[in-house]
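Visitor:
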Amino acid sequence: MSVNSLSASNSLLGMISQMQDIREYQELHWEGTFAEYLDIVREDPSVCRNAYQRLYDMIMHFGTEEYTEYKKRIIRYKFFDDPFDNGKDAVFGIDVHLMKLVRVFESAALGYGPEKRVILLHGPVGSAKSTIARLLKKGLEWYSRQHHGRLYTFSWVAPDGTVTPSPLNEDPLKLIPVDIRPNILETIEKEGRARYPLRLEGDLDPVSRFLYRETMKEVGGDWTRLASRIRVRRLVLSEKDRVGIGTFQPKDEKNQDSTELTGDINYRKIAEYGSDSDPRAFNFDGEFCVANRGLIEFVEVLKLDVAFLYDLLGASQEHVVKPKKFAQTSIDQVILGHTNEPEYRKLQSNEFMEALRDRTIKIDVPYITKWHAEARIYAKDFNKKRVRKHIAPHTLEMAAMWAVLTRLEDPKKHNLTNVQKLKLYDGKSLPGYTEDNVKELRKAAKREGLEGISPRYVQDKISNALVRDPDSACINPFMVINELESGLDNHSLINDEDLKKRYRAILGTVKKEYEDIVKNEVQKAIAADEAAIGRMCSNYIDNVRAYCMKEKVKNSFTGAYEEPSERLMRAVEEKIDIPDTRKDDFRRELMNYIGALAIDGRVFDYRSNERLHKALELKLFEDQKDSIKLTSLVSQVVDKDTQAKIDIVKQRLIDNYGYDDQSATDVLNYVASIFARGDAKDRK
């Protein structure tokens, strides 16, 4: 190796060394005596929290945000934004359901009963059940590495130096005899600042019980000498290392074995210890044992064999499991399962499963029914860092609109469309609809969000669109809509032809909505001449003032005084649907508003009046579209002046609305074809 190569390697080693936090490593691998652990507990009793208390505190550590929706106070827990992985597993749009879940955790942390239940996340496929479970596991791993989330366990150290860890990673305080434990815990509570009452329920694990008895014999019952054989250490939870976090996924029913949950005999160690009833000859490596002090996730829990369900009942209600050949063993863990709709219906109809139903708290995790929250899912997965192609504006929004519309129930009020309902749910306001009305709509739709298209299907089709044409530099909404439609023919979960027909009809509705959106954008881009809008506004206000004051208006070109131009005023007002019978009221309201501003020393700005601003933009667009001759885009010949104006509009679309050159050209051509069709209809 050359001198330069050696120098470079040493430099890299130095960088690695500098970037490592040795103090953190030492804290995470702390070891000490039982007496030192008691000092830690007296100073910070939170190290003794049970699994539910630690989980709830972990969620609350990241804080909350509050907002009001339909007159209801909603708490958004920032934990579900996924602070660990740049929002990779963030959960959007179901804050109400996450509130219910966290309330269960809080109640369990306080010992009010839910700690004796299986928490069951229930919802359709692709509704974020697994994501929530994954987030909770990641959170516990992270929290156990923080000073405020630390917890400890212990090992036995024999006189010959043999170290035997507690197989269930028990809290060292469980070594204190059961009969004197309450007095010790009460003393610690008084001295410390315990957030929760200190409770240590249950006995030691079988291995620790055995070693406890044997050690007490050796030391003649001297508990102080027994404590000297204990080595306390920091416990860091890790799913990969199978420490404090377990995951169980049912396999083929013929191959299921309940020892996967509780552990099994280690036949190699029977020869060493002489008996299969010696707990040291048993592998306490079942998922319940692994997950002690943390969380166990049951994937598709209702597919478990009946033999497993008996273990689950004892683990939830009594906090015990029954390993083969040993007495019931205490455990402390959050039991979280998730299942889909068909499996849950089976549970409800199975009379032999009453015991499990009685020990289950069901938390619905439905599909998102908020349009832009659904769009955030796709924006997260198909962002600029991950996607090489440009995604035209509204592409993901239209995909999200279709997905959400498939999940909504038809409104019982005949004067409300599903698209209007979608917009109400998304926070938009509609004339004649109050927050109470929206609340009623939600209450009337019992199954909303539990049926419809999964986000996974939409994500797959967006992916298809991105790779469909390698030569294309961008994708647009029509490319994705085509993929969504063609994919319905082979959708693995939809066999009902009528349902497919309904979903295709919804795609037609989405296309119409997209048409309105891009027409509006192009209109704004064409009418984006602020100076021209300002001149038009000034002219309109002058005429309205003269009309209200019954005066005449000076013509800026001839200098003559003329009657206010009714044609100009109505041309603006009709753009925002002001009927002729309401024009006087509208004009007086506008003049009163301008007068009130003047009294306060402020100048009227048309941009502060959304309705007037929109009317002026639409009027300017109408005036300018003929001069730009947008419809000429659909022909092969465009004159130089028109092309220059079109290029200005295209640049505005790029600068102000997020288009690139290709998608801006595409949308101008599309809108031009719409106007061309409109002109053709007018000529007929």
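942 is the number of the first residue of the sequence shown in this note's numbering; add one for each residue after it. A virtual CB, placed ideally from N, CA and C, is assigned to each residue, including glycine. None of these values were measured; they are calculated from a predicted model.
Excluding the 5 residues preceding and the 5 following residue 1050 in the sequence, name in chain order all residues of the same chain whose CB lies nearer than 6 Å to its CB.
Guide: Along the sequence shown, one-based indexing puts residue 1050 at 109. Cβ neighbours of residue 1050 beyond the five flanking positions: 993, 994 and 997.
Visitor: Quick one: Cα of residue 1612 to Cα of residue 1601, how far?
Guide: For the purposes of this step, residue 1612 is taken as residue 671 along the sequence shown, with counting starting at 1. For the purposes of this step, residue 1601 is taken as residue 660 along the sequence shown, with counting starting at 1. One C-alpha to the other measures close to 16 Å.
Visitor: For residue 1085 versus residue 1095, is the C-beta spacing smaller than 8 Å?
Guide: For the purposes of this step, residue 1085 is identified with residue 144 of the sequence shown, where counting begins at 1. For the purposes of this step, residue 1095 is identified with residue 154 of the sequence shown, where counting begins at 1. The answer is no: Cβ separation not under 8 Å.
Visitor: Do you know how far the Cα of residue 1245 is from the Cα of residue 1252?
Guide: On the sequence shown, residue 1252 is found 311 positions in, with the first residue counted as 1. On the sequence shown, residue 1245 is found 304 positions in, with the first residue counted as 1. Taking the straight line from one Cα to the other gives about 11 Å.
Visitor: Output needed for residue 1686: all residues of its chain with C-beta closer than 7 Å, excluding positions within five of it in sequence on either side, in chain order.
Guide: Lying before the first or after the last residue shown, residue 1686 is absent from the chain, which here runs from 942 to 1625.
Visitor: Answer yes or no: do residue 1272 and residue 1261 have a C-beta to C-beta separation smaller than 8 Å?
Guide: Position 331 of the sequence shown, counted from the start, is the residue given in the question as residue 1272. Position 320 of the sequence shown, counted from the start, is the residue given in the question as residue 1261. Yes, Cβ-Cβ distance for residue 1272 and residue 1261 is below 8 Å.
Visitor: With DSSP as the reference, label residue 1351 as helix, strand or coil.
Guide: Numbered from its first residue, the sequence shown carries residue 1351 at position 410. Reduced to three states, the DSSP call for residue 1351 is coil.
Visitor: Alpha carbons only, please: which of 1551, 1552 and 1534 is nearest the one belonging to residue 1545?
Guide: Taking the sequence shown and counting its residues from 1, the one referred to as residue 1545 is at position 604. Nearest of 1551, 1552 and 1534 to residue 1545, Cα basis: 1534.
Visitor: Considering Cα atoms alone, identify which of 991, 1322, 1132 and 1098 is closest to residue 1091.
Guide: Position 150 of the sequence shown, counted from the start, is the residue given in the question as residue 1091. With distances taken between Cα atoms, residue 1091 lies closest to 991.
Visitor: Could you check whether residue 1173 and residue 1113 sit closer than 8 Å to each other, using their CB atoms as the reference points?
Guide: The residue you call residue 1113 lines up with position 172 of the sequence shown. The residue you call residue 1173 lines up with position 232 of the sequence shown. Taking 8 Å as the Cβ cut-off, residue 1113 and residue 1173 qualify as a contacting pair.
Visitor: Which residue's Cα is closest to the Cα of residue 1171: 1186, 1206, 1104 and 1462?
Guide: Along the sequence shown, one-based indexing puts residue 1171 at 230. For the residues 1186, 1206, 1104 and 1462, the minimum Cα distance to residue 1171 belongs to 1104.
Visitor: Take every Cβ of the stretch 1353-1362, pair it with every Cβ of the stretch 1020-1039, and state whether three or more of those distances are shorter than 8 Å.
Guide: Counting Cβ pairs under 8 Å, fewer than three are found: no touch.
Visitor: Report the rounded CA-to-CA distance for residue 1052 versus residue 1118, giving the unit in angstroms.
Guide: One-based indexing of the sequence shown puts residue 1052 at position 111. One-based indexing of the sequence shown puts residue 1118 at position 177. Distance between the alpha carbons of residue 1052 and residue 1118 is about 23 Å.
Visitor: Would you list the residues sitting across from residue 1092 in a DSSP beta bridge?
Guide: Walking along the sequence shown from the start, residue 1092 turns up at place 151. BP columns for residue 1092 point to 1176.
Visitor: Note down the Cα distance separating residue 1493 from residue 1483, rounded to an integer number of angstroms.
Guide: Here residue 1493 corresponds to residue number 552 of the sequence shown, with the count starting at 1. Here residue 1483 corresponds to residue number 542 of the sequence shown, with the count starting at 1. Going by the C-alpha atoms only, they are around 10 Å apart.
Visitor: Could you tell me which of 984, 1066, 1076 and 1057 sits nearest to residue 999, measuring between CA atoms?
Guide: Sequence index remark: in the sequence shown, residue 999 carries index 58 (1-based). Closest option to residue 999, Cα to Cα, is 1076.
Visitor: First and last residue of the alpha helix (DSSP H) that includes residue 1397?
Guide: In the sequence shown, the residue the question calls residue 1397 occupies position 456. Where residue 1397 is concerned, the enclosing alpha helix (DSSP H) stretches over 1396-1409.
Visitor: Here's a check: name, in chain order, each residue in its chain whose Cβ is nearer than 6 Å to the Cβ of residue 1249, leaving out the five neighbours to either side.
Guide: Working through the sequence shown from its first residue, we reach residue 1249 at position 308. Counting only Cβ-Cβ distances below 6 Å, and skipping sequence neighbours, we find 1199.
Visitor: Could you pull out every residue in the same chain whose Cβ sits closer than 6 Å to the Cβ of residue 1021, ignoring the five residues on either side in sequence?
Guide: Reading the sequence shown from its first residue, position 80 is the one you call residue 1021. Within the same chain, residue 1021 has close Cβ partners 1032 and 1039.
Visitor: Could you check how far apart the C-beta atoms of residue 1517 and residue 1552 are, in whole angstroms? I think they sit under 8 Å.
Guide: For the purposes of this step, residue 1517 is taken as residue 576 along the sequence shown, with counting starting at 1. For the purposes of this step, residue 1552 is taken as residue 611 along the sequence shown, with counting starting at 1. That belief holds up - the Cβ atoms of residue 1517 and residue 1552 are roughly 5 Å apart, short of 8 Å.
Visitor: Put residue 1224 into one of helix, strand or coil per three-state DSSP.
Guide: Locating residue 1224 in the sequence shown gives position 283, where the first residue counts as 1. Residue state, collapsed to three classes: strand.
Visitor: Exposed or buried, which one is residue 1488 when buried takes at least 16 other CB atoms within 10 Å?
Guide: One-based indexing of the sequence shown puts residue 1488 at position 547. Burial call: buried.
Visitor: Assign residue 1307 to one of three DSSP states: helix, strand, or coil.
Guide: Along the sequence shown, read from residue 1 onward, the residue named residue 1307 stands at position 366. Coil at residue 1307, not helix or strand.
Visitor: For the putative contact between residue 1398 and residue 1311, defined by C-beta atoms under 8 Å, what is the C-beta separation to the nearest angstrom?
Guide: Counting from one through the sequence shown, the residue named residue 1398 turns up at place 457. Counting from one through the sequence shown, the residue named residue 1311 turns up at place 370. Going by Cβ atoms, the distance from residue 1398 to residue 1311 rounds to 18 Å, so no, they are not a contact pair.
Visitor: Count the C-beta pairs between the stretch 1380-1392 and the stretch 1325-1337 that are closer than 8 Å, then say yes if the count reaches three, no if not.
Guide: Verdict: no, contact absent.
Visitor: Looking only at C-alpha atoms, which of 1352, 1434 and 1116 sits nearest to residue 1156?
Guide: Numbered from 1 along the sequence shown, position 215 holds the residue referred to as residue 1156. Selected option, being the one with the closest Cα: 1116.
Visitor: Cutting at 8 Å between CB atoms, please list the residues of its own chain near residue 1153, excluding the five before and the five after it.
Guide: Residue 1153 sits at position 212 when you count from the first residue of the sequence shown. Excluding positions up to five away in sequence, the list reads 1116, 1145 and 1167.
Visitor: Can the beta-carbon of residue 1255 be found less than 8 Å from the beta-carbon of residue 1230?
Guide: In the sequence shown, residue 1255 corresponds to position 314, counting from 1. In the sequence shown, residue 1230 corresponds to position 289, counting from 1. No. Outside cutoff.
Visitor: Does the structure place the stretch 1459-1469 close enough to the stretch 1430-1444 that three or more beta carbon pairs sit under 8 Å?
Guide: Not touching, per the Cβ criterion.
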